[in-house]
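Structure first, commentary second.
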Amino acid sequence: MKIEIVISASHEETRAGVLEAGRLVEFYLERPHNQRLVGNIYKGRVENVLPGMQAAFVDIGLEKNAFLYVDDAYPASNGEAEDFPEDVRNLTIKDLLKEGQEVIVQIAKEPTGTKGARITRNLTIPGRYLVLMPTVDYVGVSRRITDEKERERLKKLAYAIKPRNLGVIVRTVAEGRGRQELEKDMKFLLKLWSDLKQRARTLRAPALLHKDMGLVYRIVRDLLTDEVHALYTDSREAYREISGLVRAFSPELQDRIHLHTDPRYDLFEKYGINEEIEKALKRRVWLQCGGYIVIDQLEALTAIDVNTGKYVGSERLEETVFRTNMEAAEEIARQLRLRDIGGIIIIDFIDMEEYKHREQVVAALERAMARDRTKATVLGVTQLGLVAMTRKKGRRSLQALLTRPCPYCEGRGRVLSEESMSQKVRREIKRIMRHSDAEAILVEVHPSVAALLIGAGGANLRELERELGKSIYIKGSEACHLEEFNLRALCSKQEVEAQALPVRAGQVLELRVEEPHVSNVWDGIARIEGYVVDIEGAGDRVGEKVKVEITKAFRTYAKAKIV
291 MKIEIVISAS HEETRAGVLE AGRLVEFYLE RPHNQRLVGN IYKGRVENVL
341 PGMQAAFVDI GLEKNAFLYV DDAYPASNGE AEDFPEDVRN LTIKDLLKEG
391 QEVIVQIAKE PTGTKGARIT RNLTIPGRYL VLMPTVDYVG VSRRITDEKE
441 RERLKKLAYA IKPRNLGVIV RTVAEGRGRQ ELEKDMKFLL KLWSDLKQRA
491 RTLRAPALLH KDMGLVYRIV RDLLTDEVHA LYTDSREAYR EISGLVRAFS
541 PELQDRIHLH TDPRYDLFEK YGINEEIEKA LKRRVWLQCG GYIVIDQLEA
591 LTAIDVNTGK YVGSERLEET VFRTNMEAAE EIARQLRLRD IGGIIIIDFI
641 DMEEYKHREQ VVAALERAMA RDRTKATVLG VTQLGLVAMT RKKGRRSLQA
691 LLTRPCPYCE GRGRVLSEES MSQKVRREIK RIMRHSDAEA ILVEVHPSVA
741 ALLIGAGGAN LRELERELGK SIYIKGSEAC HLEEFNLRAL CSKQEVEAQA
791 LPVRAGQVLE LRVEEPHVSN VWDGIARIEG YVVDIEGAGD RVGEKVKVEI
841 TKAFRTYAKA KIV
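Quick note on the numbering used here: the sequence shown kicks off at 291 and runs consecutively.
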């Protein structure tokens with residue numbers, strides 16, 4: 291499969307996309323004010339120890355205290371001087387940590403929403419070929435290296451070059467590499483660890499001890515392998531950085547680095563990446579066969595629904611369903627990587643009668659997820675016929691990276707209907723006027739809500755005034771959100787009317803005729819922020835701007851003539 295990497299860098303942001311067979315499967319973004327925190331190592335101070343949660347909150351210098359669960363809080367096997375019994379796995383959080391204690395921790399999961407970062411005392415420092423684990427004595431080899439002879443060779447090399455009492459994991463990119471390259475990487479990592487320990491001795495908590503490298507560096511270190519056909523960038527500065535890193539890490543890949551200089555094409559537009567990112571922010575994703583999937587990211591889990599949509603198949607319903615599900619399995623795996631969705635994922639494939647078809651769909655999902663660098667586990671079909679799976683959470687999802695919660699619906703994804711909002715405003719007006727001695731009230735709402743409050747010919751407004759015995763003025767404003775209600779005035783009728791009416795008799799204006807009058811086609815209708823202006827003789831001037839003089843102004847509309 292052809293794999294390409296595209297990097298677009300500027301002073302404002304750095305974006306990177308990974309394409310497989312020409313389709314975007316991974317997206318990365320880094321901005322100066324919003325840089326990634328996962329991998330950063332801090333010297334923190336324990337603020338609270340909570341036995342009921344078997345966890346602690348640690349001040350590491352961020353806006354919210356970080357969360358340290360008991361399984362991640364066990365002391366290091368070396369490098370820290372605490373005197374713990376040998377079988378530490380039976381210890382509680384109160385045995386492991388005390389309030390005010392200083393600890394070295396690493397961010398394992400980005401802070402999201404109201405939650406602070408999740409941290410661990412099991413540190414990892416990644417290099418090009420190796421990952422140094424300074425707190426454990428362990429040797430491992432990437433599970434993606436499947437050849438047993440190669441795994442054994444790399445394991446022996448790792449044992450030979452690693453210092454005593456330190457751990458190391460051999461990364462996938464180390465496959466086929468020799469001792470000299472691994473030793474060079476180990477020296478680099480040991481220097482980082484030595485510098486980190488020196489800072490830990492001199493700095494007071496909370497303090498940042500080690501910051502993971504920038505996005506361009508991480509892309510080259512983690513993603514640029516022999517499988518990558520080409521890497522393109524539109525930044526000369528990034529190109530120089532990448533070329534220097536490749537010369538140091540993998541000089542044989544130098545000819546795969548390309549600088550995009552054609553001013554006629556934006557690099558991300560050329561590869562269709564911008565369009566794919568926009569699609570990835572939508573709930574509905576269309577399949578090539580005409581079916582579609584719906585992705586809903588919730589607080590506790592992500593729910594994915596598969597539908598046949600416009601695809602009607604040929605003859606057999608079972609074949610139509612099977613083909614849609616097979617295509618959906620491939621697309622779901624791509625969307626999970628692209629959107630970087632983690633946690634529990636529930637997939638509702640279209641019901642299949644044949645058992646072998648269900649097996650094939652699950653197997654297709656597993657094969658597609660095998661290309662994902664993030665650990666994912668397909669748990670199989672539940673008793674409800676749903677496919678359950680998990681995917682490790684690390685960095686923020688694409689949705690969290692590029693969007694923010696709606697300040698109006700606060701994540702509900704829906705707003706009150708105009709009818710519901712108009713009734714809510716009526717109740718609020720009644721409540722206010724029952725507790726006020728004012729003669730009149732002026733409220734500002736969205737024009738569509740204002741139209742319902744006023745009613746045809748002002749009937750609803752007159753009924754409300756009859757019920758309350760006071761004057762009610764409704765002003766429509768496009769600036770108002772559908773669920774917004776603004777109290778503009780609560781005083782005498784004369785004062786309210788002066789603020790409520792956007793026009794006055796004798797005023798000359800230039801207005802656009804929007805539509806003919808409903809009951810008198812000879813007249814035309816214009817609007818000023820929802821306030822209706824009935825223009826005499828303008829029924830045939832729809833779409834035109836005309837100069838008019840206001841002849842009469844009422845609470846809900848005005849009369850005008852062309853001048």
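For each residue, glycine too, the CB sits at the ideal point set by N, CA and C.
None of the values given here were measured: they were computed from a predicted structure.
If you drop the 5 nearest sequence neighbours on each side, which residues of the same chain put their C-beta closer than 6 Å to that of residue i?
i      : result
THR846 : ILE744 and GLY748
LEU309 : GLU294
LEU586 : Looking at the sequence shown, residue 586 is not Leu but Asp. Correct list, in chain order: ALA593.
THR515 : VAL463
LYS835 : GLU800 and ARG802
PRO375 : Unreliable positioning characterises PRO375 in this predicted model, as indicated by a pLDDT of 48, which lies under 50. A coordinate reading is not provided.
ASN368 : No answer about ASN368 holds up, because its pLDDT of 46 lies below 50 and its placement is not dependable.
Confirm, please, whether the CB-CB distance from residue j to residue i is below 7 Å.
i      : j      : result
ILE293 : GLU565 : no
ALA666 : LEU732 : no
ALA570 : LEU655 : no
LYS842 : GLU826 : no
VAL739 : GLU708 : yes
GLU805 : LYS837 : no
TYR821 : HIS771 : no
MET423 : GLY457 : yes
ILE547 : SER525 : no
VAL431 : ARG443 : no
GLU620 : CYS579 : no
VAL823 : VAL803 : no
GLY795 : ILE840 : In the sequence under discussion, the amino acid at residue 795 is Ala, which differs from the Gly named in the question. Contact flag set, yes.
ALA730 : VAL793 : no
VAL705 : GLU643 : no
ILE383 : VAL348 : no
LEU486 : HIS500 : yes
LEU387 : VAL339 : yes
ARG321 : GLU303 : yes
Near residue i, which residues of its chain fall below 7 Å by C-beta distance, leaving aside the five closest residues on each side in sequence?
i      : result
LEU472 : TYR419, LEU420, LEU447, ILE451 and ALA464
TYR449 : VAL429
PHE844 : none
PHE478 : GLY417
SER726 : LEU780
TRP483 : ILE415, LEU422 and PRO424
VAL866 : The chain is shown from 291 up to 853; residue 866 falls before or after that span and cannot be answered.
ILE563 : VAL296, GLY307 and LEU314
MET711 : VAL739, LEU772 and GLU773
PHE612 : MET642 and HIS647
ASP373 : Per-residue confidence for ASP373 stands at a pLDDT of 45, beneath the threshold of 50, marking its modelled position as unreliable; no derived number is given.
Thinking residue i and residue j are a contact (beta carbons under 8 Å), I'd like their distance in whole angstroms, please.
i      : j      : result
LYS683 : LYS399 : 6 Å
ILE635 : LEU626 : 7 Å
LEU676 : ILE640 : Contact doesn't hold; Cβ gap of about 12 Å is too wide.
LEU358 : ALA346 : 5 Å
MET723 : LEU758 : 5 Å
GLU755 : ILE762 : 5 Å
ALA528 : ALA299 : 4 Å
Give the straight-line distance between the Cα atoms of residue i and residue j, rounded to the nearest whole angstrom.
i      : j      : result
ASP556 : ARG574 : 27 Å
ALA371 : ARG411 : Legend: pLDDT at ALA371 = 39, less than 50; position of this residue unreliable, no value from coordinates given.
ARG408 : GLN470 : 36 Å
ARG305 : GLN396 : 25 Å
VAL296 : PHE558 : 7 Å
ASP830 : ASN810 : 12 Å
ASP385 : ASP427 : 23 Å
GLU819 : LYS849 : 16 Å
ARG508 : THR523 : 15 Å
ARG784 : LYS760 : First, the residue type needs correcting, since residue 784 is Gln and not Arg in the sequence shown. For GLN784 and LYS760, the distance between alpha carbons rounds to 13 Å.
GLN286 : ALA623 : For residue 286 there is no data in the structure shown, the boundaries of the chain being 291 and 853.
GLU700 : ARG681 : 26 Å
LYS439 : ARG467 : 13 Å
VAL652 : LEU505 : 34 Å
GLN789 : HIS550 : 59 Å
Once you ignore the five residues that flank residue i on each side, which residues in its own chain have a CB closer than 8 Å to its CB?
i      : result
ASN750 : LEU742, LEU743 and ILE744
LEU577 : ILE583, GLY599, TYR601, THR614, GLU617, ALA618 and GLU621
LEU591 : GLY633, ILE634, ILE635 and ILE636
Hey, is the region 325-337 in contact with the region 488-501, meaning 3+ C-beta pairs nearer than 8 Å? yes
Three or more beta-carbon pairs under 8 Å between the region 307-319 and the region 345-358, yes or no? no
Check whether the region 719-735 and the region 429-437 touch, using three or more Cβ-Cβ pairs below 8 Å as the test. no
Any 3 or more C-beta pairs closer than 8 Å across the region 639-652 and the region 683-701: Look at the beta carbons and you see the region 639-652 not touching the region 683-701: under three pairs across the two are nearer than 8 Å.
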